[in-house]
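**Q** Residue numbers (full-length UniProt numbering): 1 to 365.
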Ligand SMILES: CC(C)(COP(=O)(O)OP(=O)(O)OC[C@H]1O[C@@H](n2cnc3c(N)ncnc32)[C@H](O)[C@@H]1OP(=O)(O)O)[C@@H](O)C(=O)NCCC(=O)NCCS
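#1: Using a Cβ-Cβ cut-off of 6 Å (strictly less than) and excluding sequence neighbours within five positions of residue 14, which residues of its own chain qualify?
#2: Name the one or two DSSP bridge partners that residue 267 has.
#3: CA-CA distance, residue 101 and residue 81?
#4: Within 10 angstroms of its Cβ, does residue 344 collect 16 or more other Cβ (buried), or is it exposed?
#5: What residue range is occupied by the uninterrupted beta strand (DSSP E) comprising residue 78?
#6: What residues in its chain sit with their C-beta under 8 Å from that of residue 201, if we drop five residues either side in the sequence?
#7: Taking the alpha-carbon positions, what's the residue 99 to residue 305 distance?
#8: Run through the DSSP bridge pairs and tell me what residue 171 is partnered with.
#9: For residue 104, is the beta carbon positioned less than 7 Å from some heavy atom of ligand 1?
#10: If you measure between the beta carbons of residue 129 and residue 151, is that distance less than 8 Å?
#11: Opposite residue 130 in the DSSP bridges: which residues?
#12: Is it right to say residue 36 is buried, meaning 16 or more other beta carbons lie within 10 angstroms of its own, or is it exposed?
#13: Provide the residue span of the beta strand (DSSP E) that contains residue 350, from first to last.
#14: Check the DSSP bridge columns for residue 222 and list the partner residues they point to.
#15: What is the rounded straight-line gap between the Cα of residue 365 and the Cα of residue 296?
#16: Please return the same chain residues whose Cβ sits closer than 6 Å to the Cβ of residue 127, not counting the five positions on each side in sequence.
#17: Taking residue 342 as the reference, give the member of 293, 281 and 322 with the closest Cα.
#18: Indicate, with yes or no, if ligand 1 has a heavy atom lying under 7 Å from the CB of residue 157.
#19: Given that a residue counts as buried once 16 or more other Cβ atoms are within 10 Å of its Cβ, and exposed if not, what is residue 8?
#20: Count the CB pairs spanning the region 41-50 and the region 131-146 that are closer than 8 Å, and state whether there are at least three.
#21: Quick one: does the C-beta of residue 32 sit closer than 7 Å to a heavy atom of ligand 1?
Here it is as structure tokens:
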């Protein structure tokens, strides 16, 4: 008979005390699960970074549920609650050590998570699960979201569990990777794209760049871009509402990112005639995994699309990576499969498919 028990784990306020021992075990589960999914450690996180990122903030609550087997933590339910907007939603991530699967632990953790969600009056649970690309499109039976774009292997344990538990597949994202080696050849290609896009855009627009800290005179415009980024990209069937960004939240996020040992390269595009920022892109790197960079937001406001600004922004920012982070070897990015404009930009820059990410949603009765 299975003897696991489920409960809340308090996220410690310091990594020095005894209570950090359990948190370190839980973090070890997260890393082992990522390694099991991808076959490498690129999406892992060292303990100080996870500790910093799992702290509740003024913008987002965090709840950690764990399953123990004889006292040892073998599984996590990681719940994130937006606190400024999207007050109906929660994101949930279930992680079970490979050695402890098919024992009903995820099922029990999900029931626990749903009680946490319901007790806070929230009704929409979002979750994401991954499968690596193995030589192209998934083979065998696949699930296709209502968008019709992309697919996810139906036999993945996460898919079987999600469908059985009342989740719907509402979107599929593509994970892509750009290998920076051999550096000159890759960056020559990026440079060519940058020059081509600049030739189209630079008459009416100019690029501005910063590292980690948005200049004070740009922060209001940047807040608007971050707000629009939350709903402008294709959302599939996700019940995502616009996020409430203002300059204070930008500063809180910058401080938190630095405290986690991360750094961001941001590039923004300014419309010369109005003097307003009309697009931005963000690359993130972390000292805890120095070979890996993440391409995050890229946005061009709707009324300024069609001038190759997306390509210009991205290519220009990629051109800064090796100067800023000489240890960088790979850049990962996620895009909705229906986001053909962004995917085409990425392909032209040299990104190649590395994984499928299923977006799941469950609306509680
Ligand atoms: C998905 C995951 C959480 C399932 O954990 P688990 O503890 O093994 O799940 P359970 O034992 O509760 O299984 C519940 C049901 O899911 C289905 N399932 C789980 N693993 C399966 C597998 N390998 N093959 C087929 N069905 C599977 C079955 O229907 C199972 O019920 P059954 O054992 O009575 O047939 C685990 O595989 C995992 O950590 N995967 C990597 C991370 C991830 O994808 N998390 C989900 C994203 S939120």
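In this text, a Cβ means the ideal position worked out from N, Cα and C, and glycines have one as well.
Note that this is a predicted model, so its numbers are computed, not measured.
**A** Looking at the atomic coordinates:
#1: none
#2: 209 and 281
#3: 27 Å
#4: exposed
#5: 72-82
#6: 269, 307, 308, 309 and 312
#7: 49 Å
#8: 359
#9: yes
#10: no
#11: 357
#12: exposed
#13: Counting along the chain, residue 350 falls outside any beta strand (DSSP E), and DSSP gives it neither H nor E.
#14: Note: residue 222 sits in no beta bridge, so no partner.
#15: 33 Å
#16: 92 and 360
#17: 281
#18: yes
#19: exposed
#20: no
#21: no
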